[in-house]
Amino acid sequence: MGIVLNQSFKNTLILVLGFTIGGINALFLYTHFLKEEYYGLVIFLLSTANILLPLVAFGMQHSVVKYFSSYKTKLERDSLLSWSLILPMLIIIPIGFIGVFTYETISSWISAKNSMIKDYTYIIFLCAIFMGYFEVFYSWTKVQMNSVFGNFIKEIFARVGATLLLFCLYMKLIDPKQFIYGITIVYFLRMLIMKLYAYSIYLPKFTFNRPNNFKEILRYSMYLILAGSAATLLLEIDKFMIPQFEGLSDVAYYSVGIFIASVVAIPSRAMQQITSPITAKDLNENNIEKVEVLYKQSSINLLIVGGILFLLINLNITEMYEIINRPQYSVGVWIVLMISFSELFKLALGTNGAILTNSKFYKVFFYFSLGMALSVVVLNHILIRKIGINGAALATLITILIFNTIKILYVKRKFNIQPFSSKTIVLLILIFLLYIGFFYVDFPFHPLINIILKCILVSIVYFSAVLKLSISNDFNNQIELLFTKKK
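Quick note, this note's numbering runs 508 ahead of the 1-based positions in the sequence shown.
Below is the structure:
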């Protein structure tokens, strides 16, 4: 668990910094420097590009993680990495040709409700390519147990680029249209930097020789294309569907709420960069005992960190919107609660997703993802019509609660392992009691002072209880080590 905690800690710091920069962008710069319609347009374009990402990457970012550690020679590994660059082109080139001849039809369809989208439709495909190859090159470094720099580029670079472009917009050096083109260039540069770094870590000898298990890789990649597309639909389809029923400004309001709630996911995003290749390695060696240990440790540790983030966000959400000082955005209060709770539940699963995608049962991940995607699309279609953007959040919450519970039961049945213990119940009770106990606590000061005071109080009570109750040995050991170093 040492390398996991070490790189997870560094990745967490990067993610916190990234979310801080992203928070400044999303909550203040975008909301004050860019009109709501254009803000919603940027979110729509990038979200739709994310939906296409698994397809244009051909699932190779997952195949590299799964199979790289199973090869024993450099020749085999070079062959895998070479084909991780070739196979996406077999999707990108045909789609590009089709897109050229059907552009008018596609752009008219997705811009039926909001005509602003039409002129920028092609940007979706370009960003999807840049995002897809970024993930492929990032996977090259992850299998070398080197996830920190890639995580830095992924979480920091694009957000800093957006910050600079927003200030250029504020100073009238560029207009909103040029801002959108600038964002596209930022994603291209991010991919290029990741490529150069991946080559510096491990430079393969490019070859057209296929790996011995090429057919297996193709099958795995095809399933992961479908599973990844379905999983991405779950994350991004709401921001695609909202403009089909509501205005682009509603996408902006919804996205601010989603961004605030997604802070809860920081621990998982930090840890999975290193736990996924470790889980793949343990499964390749059929070491289920190690898989179970990591499964349980990741679950409780993620839940501890996610729990405090959930509390700090939802107990201060009213003050946060007051600081944003854009009353129209405050419609997202319920969105924050529903999405942050769904993220907390996902944290409790630990390495469940890594176990499914890297085991011989990886095909079932597709069926789970497909079921989740279909459910969230149907629920979005019904609930957005009935209760607007709150319906999109509710659709996500319902889908995650049902299907992730099924995933836990499935892993239990196939591997006879599950992530929970009695400490999990104790921790959930603690989170619930603190939420109820501090919900009505308010201070008669400036919203920022209120947030600081409540964060300090809640954190002291929460972490004192976690340590006293010995919820996690890993957590207690890390705290003890921290204080020992200071002495």
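Every residue, glycine too, gets a C-beta built ideally from N, C-alpha and C.
How would you write the range of the alpha helix (DSSP H) that residue i sits in, first residue to last?
{"i": "residue 570", "result": "568–575"}
{"i": "residue 565", "result": "Taken as a continuous stretch (DSSP letters only), residue 565 belongs to no alpha helix (DSSP H), as it is neither H nor E."}
{"i": "residue 470", "result": "Only positions 509 to 995 of the chain appear in this structure, which leaves residue 470 out of reach."}
{"i": "residue 922", "result": "897–923"}
{"i": "residue 710", "result": "From DSSP, residue 710 is part of no alpha helix (DSSP H); its letter is neither H nor E."}
{"i": "residue 805", "result": "796–822"}
{"i": "residue 474", "result": "What the structure shows of the chain is the stretch from 509 to 995, and residue 474 is not part of that stretch, so it cannot be assessed."}
{"i": "residue 862", "result": "860–866"}
Can you tell me which of the three DSSP states residue i falls into?
{"i": "residue 790", "result": "helix"}
{"i": "residue 971", "result": "helix"}
{"i": "residue 718", "result": "coil"}
{"i": "residue 762", "result": "helix"}
{"i": "residue 706", "result": "helix"}
{"i": "residue 653", "result": "coil"}
{"i": "residue 541", "result": "helix"}
{"i": "residue 755", "result": "coil"}
{"i": "residue 546", "result": "helix"}
{"i": "residue 664", "result": "helix"}
{"i": "residue 684", "result": "helix"}
{"i": "residue 889", "result": "helix"}
{"i": "residue 933", "result": "helix"}
{"i": "residue 839", "result": "helix"}
{"i": "residue 977", "result": "coil"}
{"i": "residue 775", "result": "helix"}
{"i": "residue 856", "result": "coil"}
{"i": "residue 622", "result": "coil"}
{"i": "residue 948", "result": "coil"}
{"i": "residue 579", "result": "coil"}
{"i": "residue 869", "result": "coil"}
{"i": "residue 926", "result": "coil"}
Please list, in chain order, all residues of the same chain as residue i whose beta carbon is under 6 Å from its beta carbon, the five residues on each side excluded.
{"i": "residue 486", "result": "Since the first residue of the chain shown is 509 and the last is 995, residue 486 is not available in this structure."}
{"i": "residue 638", "result": "695, 696, 699"}
{"i": "residue 959", "result": "824, 827"}
{"i": "residue 732", "result": "567, 570"}
{"i": "residue 591", "result": "none"}
{"i": "residue 522", "result": "659, 660, 663"}
Could you pull out every residue in the same chain whose Cβ sits closer than 7 Å to the Cβ of residue i, ignoring the five residues on either side in sequence?
{"i": "residue 979", "result": "808, 812, 931, 934, 935"}
{"i": "residue 961", "result": "951"}
{"i": "residue 988", "result": "none"}
{"i": "residue 867", "result": "791"}
{"i": "residue 819", "result": "939, 942, 943, 966, 970"}
{"i": "residue 651", "result": "572, 573, 576, 577, 785"}
Can you say whether residue i is buried or exposed, counting buried as having 16 or more other CB atoms within 10 angstroms of its CB?
{"i": "residue 777", "result": "buried"}
{"i": "residue 805", "result": "buried"}
{"i": "residue 972", "result": "exposed"}
{"i": "residue 689", "result": "exposed"}
{"i": "residue 858", "result": "buried"}
{"i": "residue 782", "result": "buried"}
{"i": "residue 785", "result": "buried"}
{"i": "residue 723", "result": "exposed"}
{"i": "residue 970", "result": "buried"}
{"i": "residue 580", "result": "exposed"}
{"i": "residue 582", "result": "exposed"}
{"i": "residue 780", "result": "buried"}
{"i": "residue 612", "result": "exposed"}
{"i": "residue 895", "result": "exposed"}
{"i": "residue 948", "result": "exposed"}
{"i": "residue 885", "result": "buried"}
Please go through the same chain and pick out, in chain order, the residues whose beta-carbon is closer than 8 Å to the beta-carbon of residue i, but skip the five residues on each side of it.
{"i": "residue 705", "result": "645, 649, 657, 658, 661"}
{"i": "residue 475", "result": "Lying outside 509 to 995, the shown extent of the chain, residue 475 is not represented and no answer is given."}
Taking a contact to mean a Cβ-Cβ separation below 8 Å, would you say residue i touches residue j in this structure?
{"i": "residue 588", "j": "residue 572", "result": "yes"}
{"i": "residue 923", "j": "residue 796", "result": "yes"}
{"i": "residue 643", "j": "residue 569", "result": "yes"}
{"i": "residue 543", "j": "residue 751", "result": "no"}
{"i": "residue 830", "j": "residue 955", "result": "yes"}
{"i": "residue 853", "j": "residue 908", "result": "yes"}
{"i": "residue 846", "j": "residue 905", "result": "yes"}
{"i": "residue 855", "j": "residue 814", "result": "yes"}
{"i": "residue 600", "j": "residue 741", "result": "no"}
{"i": "residue 713", "j": "residue 586", "result": "yes"}
{"i": "residue 541", "j": "residue 677", "result": "yes"}
{"i": "residue 762", "j": "residue 747", "result": "yes"}
{"i": "residue 821", "j": "residue 769", "result": "yes"}
{"i": "residue 669", "j": "residue 561", "result": "no"}
{"i": "residue 844", "j": "residue 535", "result": "no"}
{"i": "residue 557", "j": "residue 606", "result": "no"}
{"i": "residue 549", "j": "residue 625", "result": "yes"}
{"i": "residue 674", "j": "residue 553", "result": "no"}
Is residue i close to chain C? Criterion is C-beta to C-beta, closer than 8 Å.
{"i": "residue 522", "result": "Looking for chain C here will not work: only one protein chain is present."}
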